[in-house]
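Report on the following structure.
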Amino acid sequence: MFWIELAFKSLLNRRLTVMLTALSIAFSVALFLSVEKIRTDTKDNFSRTLTGTDLVVGARSGSLNLLLYSVFRIGDASNNMSWESYQELSADPAVAWSVPISLGDSHKGYRVIGTTKAYFDHYQYGREQNLAFKEGQSFDQLFDVVIGSEVARALGYPLNQQLSLVHGTGAVSFSKHDDLPFKVVGILAATGTPVDRSLHVSLQAIEAIHLGWKDGVRLQGAEGFSPEKNQKLQTETITAALIGMTSRLKTFNFQRKVNDYTDEPLSAIIPGATLQELWSMLRVLESTLLSISALVMVSGLLGLLTVVLAGLNERRREMALLRALGAPAKHVFSLLCGEAGLIALVGVVVGVCLHYGLMVALAPALLDRFGVLLNISMLAPYLFLWLGLYVLLAAFLGALPALRVYRQTLNDGLSQRI
Amino acid sequence: MQNAIEMTNLSFSWPGSQSPALQVESFAVARSERVFLRGQSGSGKSTLLNLVAGVLDGHQGALHVLGHELANMRPAQRDKLRAEHIGYIFQQFNLLPYLSVLDNTTLACRLSNTRRQRACAANGSVEKAAFALMDELGLERSLAKKPVTALSIGQQQRVAAARALIGGPDLIIADEPTSALDTEHRQKFIEQLLATCADRQVALLFVSHDPGLRQYFDRVVDMNELNRSNSHVLD
Numbered sequence: 001m002f003w004i005e006l007a008f009k010s011l012l013n014r015r016l017t018v019m020l021t022a023l024s025i026a027f028s029v030a031l032f033l034s035v036e037k038i039r040t041d042t043k044d045n046f047s048r049t050l051t052g053t054d055l056v057v058g059a060r061s062g063s064l065n066l067l068l069y070s071v072f073r074i075g076d077a078s079n080n081m082s083w084e085s086y087q088e089l090s091a092d093p094a095v096a097w098s099v100p101i102s103l104g105d106s107h108k109g110y111r112v113i114g115t116t117k118a119y120f121d122h123y124q125y126g127r128e129q130n131l132a133f134k135e136g137q138s139f140d141q142l143f144d145v146v147i148g149s150e151v152a153r154a155l156g157y158p159l160n161q162q163l164s165l166v167h168g169t170g171a172v173s174f175s176k177h178d179d180l181p182f183k184v185v186g187i188l189a190a191t192g193t194p195v196d197r198s199l200h201v202s203l204q205a206i207e208a209i210h211l212g213w214k215d216g217v218r219l220q221g222a223e224g225f226s227p228e229k230n231q232k233l234q235t236e237t238i239t240a241a242l243i244g245m246t247s248r249l250k251t252f253n254f255q256r257k258v259n260d261y262t263d264e265p266l267s268a269i270i271p272g273a274t275l276q277e278l279w280s281m282l283r284v285l286e287s288t289l290l291s292i293s294a295l296v297m298v299s300g301l302l303g304l305l306t307v308v309l310a311g312l313n314e315r316r317r318e319m320a321l322l323r324a325l326g327a328p329a330k331h332v333f334s335l336l337c338g339e340a341g342l343i344a345l346v347g348v349v350v351g352v353c354l355h356y357g358l359m360v361a362l363a364p365a366l367l368d369r370f371g372v373l374l375n376i377s378m379l380a381p382y383l384f385l386w387l388g389l390y391v392l393l394a395a396f397l398g399a400l401p402a403l404r405v406y407r408q409t410l411n412d413g414l415s416q417r418i
Numbered sequence: 419m420q421n422a423i424e425m426t427n428l429s430f431s432w433p434g435s436q437s438p439a440l441q442v443e444s445f446a447v448a449r450s451e452r453v454f455l456r457g458q459s460g461s462g463k464s465t466l467l468n469l470v471a472g473v474l475d476g477h478q479g480a481l482h483v484l485g486h487e488l489a490n491m492r493p494a495q496r497d498k499l500r501a502e503h504i505g506y507i508f509q510q511f512n513l514l515p516y517l518s519v520l521d522n523t524t525l526a527c528r529l530s531n532t533r534r535q536r537a538c539a540a541n542g543s544v545e546k547a548a549f550a551l552m553d554e555l556g557l558e559r560s561l562a563k564k565p566v567t568a569l570s571i572g573q574q575q576r577v578a579a580a581r582a583l584i585g586g587p588d589l590i591i592a593d594e595p596t597s598a599l600d601t602e603h604r605q606k607f608i609e610q611l612l613a614t615c616a617d618r619q620v621a622l623l624f625v626s627h628d629p630g631l632r633q634y635f636d637r638v639v640d641m642n643e644l645n646r647s648n649s650h651v652l653d
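Those sequence lines, one after another, are chains A and V.
Residues 1 to 418 in this note's numbering are what the first sequence lists, from first letter to last.
Residues 419 to 653 in this note's numbering are what the second sequence lists, from first letter to last.
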């Protein structure tokens, strides 16, 4: 009891340096935890960009390519698939649902997706979450558009905003569909997926704006779409399709069926597996974040070591004095070690609190700006292990100078060489 | 009655050193005796004090402190002997800066039950024992609650003396306690320390390089005559 009281008073006497040390450890722990959290959640988000969909079907191409353009809207499809093939495949009894996707147009750099209303029912992300409408509802009329959260935020579009699409995917395009304006009828809630950066219209709308076009250019003298004439809007090709199976077990059979489809060359990919494959290509990013975390932790420990070393002269007198009063050497030694451990422990606890505060404060901004959905939850077990090891390491580092003083005290005895 | 300190054919060498740092044929301090040990730095006096205090291990020959042969004791037993029976006064930095004057004075009683019981038996309580010593050493009682950092060096050394003397130790080791004081304070401090030791019949081994202090003591021993080792001359 006396020793604890003495240690406490000694710490209190040096409260400024002790607090600063604990704070520097707290900051490094909070930074480490936050970087780690963002790393794992980004990875998690990424691999959960598309869930609930068992297969993505498109024209024959590499699986990464198909995933990139159909899910991430990066790059373009080399080929389309025919509407007939899509109809035939989705009629298979193993298929529970299917959603067609038609790409190729954009609005101010954001991709436009022609699809059906089923898209909003079946597209799932994260832990099988469905898309939700923040405002408005699904498209109903031919020239209705549903926009993702980032599109709405970045372009400042409210409901009923008029906008026109351009042909192609560049931010600047000379092939505009400006004769046929769309109206925003729905704004989706943020998801942390590429859906946030997309505009959704019906397949018929895609057909309508391309009436009188061929190969991406408006035909001279050809008749465009006009609402008065009751033109037939029949979809002939789509870019890809999302497929849900009646049972997961049927996925592989159906995938083989698509890959062996004889009428036209098609590919089917399992999104989860391909997403993992894609993430593994981003390992540089992951290891960069990991090394930042590691450096941050090391700098915290160095700070602790600096403070312990700086306070050592003062502590030498204290130790010699306690030894002269008959305190056993091992008591004095454990006083110094325990102190380093205690500072580290306090630092870690404060750091964990700081981390949670930071995450709660940053979560909305991160989702909004970077599309990273933070899942605020209990620390992962491996982090407990890391933090425990960190406290032990800190106590050990604190013990190193303590050991030096201890040896000096044994050698100097009670006489202090200053 | 045994002597407080008694050494016969004592020698001590630092590990790895060929020649001994300290070689004493015979030296004793009787109970209640106050001895002035004069020596320059490097004369082996620090080694001698550390051996007597039981902090240094590994001497040859006989070294009895308060009736115990230190060579036969384990480190923990020597720590206990020091806690219960020996008071130690340093040249400076005698006090814990984060404790009050009173808490510093009573520190020895916190570390040793024997010291606390003896203080209580003599004065009724540890606080009363501390106040009695403060009175004797010329410290005002109003200082008791003050932080030691608010005290002058002279007052700090008096607090150190009170701390060493509380709880009835049998031996006080004072290692240059006056070298940080000016002449006027030095004389007063020594007179008060000696008077208190005499009152309480405590043996005092007072070490200093200052030959001007020898007049206050019963007996003066010169370290250069005591230490037969030549190695210190080479330092």
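Beta carbons: idealized from backbone N, C-alpha and C, even for Gly.
Keep in mind it's a predicted model, so treat the numbers as computed, not measured.
Rounded separation between residue i and residue j - CA only
i      : j      : result
V/A616 : A/V308 : 43 angstroms
A/G168 : A/A365 : 31 angstroms
A/V71  : A/R48  : 11 angstroms
V/G586 : V/V442 : 29 angstroms
A/G326 : V/V566 : 21 angstroms
A/T21  : A/S293 : 19 angstroms
A/A208 : A/L233 : 6 angstroms
V/A592 : V/N512 : 11 angstroms
V/Y506 : V/A579 : 8 angstroms
A/S24  : A/Y356 : 17 angstroms
V/T614 : V/C538 : 18 angstroms
A/G398 : V/Q535 : 37 angstroms
V/T532 : V/A547 : 14 angstroms
A/K134 : A/Q204 : 24 angstroms
A/R417 : V/S461 : Because A/R417 sits at a pLDDT of 48, beneath the cut-off of 50, its placement in the model cannot be relied upon, and the following sentence gives the value as read from the coordinates. Those two C-alpha atoms are separated by around 15 angstroms.
A/E318 : A/I4   : 15 angstroms
V/F635 : V/P629 : 11 angstroms
V/R637 : A/L6   : 39 angstroms
V/L557 : A/F32  : 54 angstroms
V/V519 : V/A582 : 13 angstroms
V/I584 : A/A340 : 33 angstroms
A/L155 : A/G114 : 20 angstroms
A/V348 : A/R404 : 26 angstroms
A/V185 : A/L211 : 23 angstroms
A/L180 : A/D76  : 24 angstroms
A/R248 : A/L305 : 55 angstroms
A/M359 : A/N45  : 16 angstroms
V/D521 : V/S560 : 14 angstroms
A/E128 : A/V346 : 39 angstroms
Heavy atom of the ligand SAM within 7 angstroms of residue i beta-carbon
i      : result
A/G351 : You won't find the ligand SAM in this model; it holds no ligand whatsoever.
Residues that residue i bridges to, as DSSP identifies them
i      : result
V/S626 : V/R456
V/H486 : V/V483
V/F430 : V/L440
V/P565 : V/S518
A/I269 : A/V56
A/S82  : A/T237
V/L445 : For the record, residue 445 of chain V in the displayed sequence is Phe; it is not Leu. According to DSSP, V/F445 bridges with V/M425.
Which of the residues in the segment 326–340 of chain A, read from start to end, lie with their CB under 8 angstroms from any CB of chain V? Residues are counted here when their Cβ sits less than 8 angstroms from a Cβ of chain V; for the segment 326–340 of chain A these are G326, A327, P328, A329, given in chain order.
Should the segment 621–628 of chain V be called in touch with the segment 443–451 of chain V, which here means at least 3 C-beta pairs below 8 angstroms? Taking a contact to require three or more Cβ pairs closer than 8 angstroms, the segment 621–628 of chain V and the segment 443–451 of chain V qualify as touching.
Would you say the segment 76–90 of chain A touches the segment 4–13 of chain A, given that touching needs at least three Cβ pairs under 8 angstroms? The answer is no - the segment 4–13 of chain A does not touch the segment 76–90 of chain A, with fewer than three Cβ pairs under 8 angstroms.
Are three or more beta carbon pairs between the segment 279–287 of chain A and the segment 373–389 of chain A nearer than 8 angstroms? Because the criterion of three Cβ pairs below 8 angstroms is not met, the segment 279–287 of chain A and the segment 373–389 of chain A do not touch.
Inside the segment 85–141 of chain A only - alpha helix (DSSP H) runs reaching at least 4 residues: Counting only runs of at least 4 residues, the segment 85–141 of chain A fully encloses the following alpha helix (DSSP H) elements, listed from N- to C-terminal order: 118–122.
If you measure beta-carbon to beta-carbon, which residues of the segment 8–38 of chain A are closer than 7 angstroms to chain V? When CB distances to chain V are screened at a threshold of 7 angstroms, the residues of the segment 8–38 of chain A falling below it are K9, S10, L12, N13, in chain order.
Please give the ranges of any alpha helix (DSSP H) in the segment 498–546 of chain V, keeping only runs that are unbroken, at least 4 residues long and fully inside the region. The qualifying runs are 519–523, 525–529, 531–541.
So if I threshold CB-CB distances at 9 angstroms, which residues from the segment 310–325 of chain A count as touching chain V? Of all residues in the segment 310–325 of chain A, E314, R317, E318, A320, L321, L322, R323, A324, L325 have a Cβ within less than 9 angstroms of some Cβ in chain V.
Inter-stretch contact at 8 angstroms, needing at least 3 Cβ pairs: the segment 59–79 of chain A / the segment 189–205 of chain A: The segment 59–79 of chain A, when compared against the segment 189–205 of chain A, does touch it at the 8 angstroms Cβ threshold.
Threshold first: 3 residues or longer. Then list the beta strand (DSSP E) segments lying entirely within the segment 593–641 of chain V, N to C. Unbroken beta strand (DSSP E) stretches of 3 residues or longer found wholly inside the segment 593–641 of chain V: 621–626, 637–640, given in chain order.
Listed in chain order, which residues of the segment 38–58 of chain A have Cβ atoms closer than 7 angstroms to some Cβ of chain V? Cβ contacts with chain V: none found.
Residues in the segment 587–612 of chain V having any Cβ partner in chain A nearer than 7 angstroms: Cβ contacts with chain A: D593.
Decide yes or no for the touch test of the segment 85–94 of chain A against the segment 250–270 of chain A: beta carbon pairs closer than 8 angstroms, at least 3 of them. The segment 85–94 of chain A is in contact with the segment 250–270 of chain A.
Three CB pairs or more closer than 8 angstroms across the segment 377–391 of chain A and the segment 345–355 of chain A: With the cut-off at 8 angstroms, the segment 377–391 of chain A and the segment 345–355 of chain A touch.
Can at least three beta-carbon pairs, one atom from the segment 488–497 of chain V and one from the segment 429–437 of chain V, be found at a separation below 8 angstroms? No, the segment 488–497 of chain V does not touch the segment 429–437 of chain V.
Interfacial residues, the segment 472–494 of chain V to chain A, with Cβ spacing under 8 angstroms: Answer in chain order: V473, L474, P493, A494.
Are at least three pairs of beta-carbons, each pair with one atom in the segment 145–162 of chain A and one in the segment 94–103 of chain A, less than 8 angstroms apart? No, because fewer than three Cβ pairs between the segment 145–162 of chain A and the segment 94–103 of chain A fall closer than 8 angstroms, the two stretches do not touch.
Going along the chain, which unbroken runs of the alpha helix (DSSP H) with 4 or more residues stay wholly within the segment 270–349 of chain A? Runs of the alpha helix (DSSP H) inside the segment 270–349 of chain A: 271–281, 283–310, 312–324.
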